[in-house]
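Remarks on the structure that follows.
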Amino acid sequence: MNPTLVLLDASAFWRLRSPQLDPDRRRRVAEWIGRGIVAASTPLLLETRAGRDLPPVDPGELPWLWFTERAERRATELQHQMRAAHQHLGVPPLDYLIAAVAEDHGASILHYDADFERLAA
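For the sequence shown, the numbering used here gives the first residue as 7, with consecutive numbering after it.
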């Protein structure tokens, strides 16, 4: 994988600190961050700041992908499509928004969350 733009999901953000993450994967993501191709969006900031303690690294320092009206409309379309296919149960509403903002900006999503695989199918 040689991405040009990657949107970081909270599942990957927290996994990057895990000692169980493959060291090669950690180095690759660090390289992407250094090249400025790993971005954040509002859901990541909200999710990482929701706990009692703040994360040691602020995702707000990453390049930012803003929500557009088109992305908001796409998120509702995705939810409608998933509902029509009876695949919507268990998909958090923020995941629709994350998928839509990534699509809107032409970004891949760096995640460890099966819901994004379901949304991409």
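Idealized CB from N, CA, C, for every residue including glycine.
Exercise. Counting only runs that start and end within the segment 32–59, where is the alpha helix (DSSP H) found for 4 or more residues in a row?
Worked result: DSSP runs (the alpha helix (DSSP H)) wholly in the segment 32–59: 48–54.
Problem set entry | C-alpha distance - Arg79 paired with Ala106, whole-angstrom precision | The alpha-carbon of Arg79 is positioned some 8 Å away from that of Ala106.
For this session: Return the residue from the list Tyr118, Pro65 and Leu125 that minimises the CA-CA distance to His92.
Result: His92 has its Cα closest to that of Leu125, out of Tyr118, Pro65 and Leu125.
Exercise. Can you name, in chain order, every residue of its own chain whose Cβ lies under 8 Å from the Cβ of Leu51, other than the five neighbours on each side?
Worked result: If we look at Leu51 and ignore the five residues flanking it on each side, its Cβ neighbours are Pro65 and Gly66.
Problem set entry | Per-residue burial, Pro25 [other beta carbons within 10 Å of its own, 16 or more giving buried] | Exposed, since its Cβ has fewer than 16 Cβ neighbours within 10 Å.
For this session: Just tell me which of Ala46, Glu109 and Asp119 has its CA closest to the CA of Gly96.
Result: Closest by alpha carbon: Asp119.
Exercise. Going by the beta-carbon positions, is the gap between Trp20 and Ala46 smaller than 8 Å?
Worked result: No; because the gap between Cβ atoms is not below 8 Å, this pair is not in contact.
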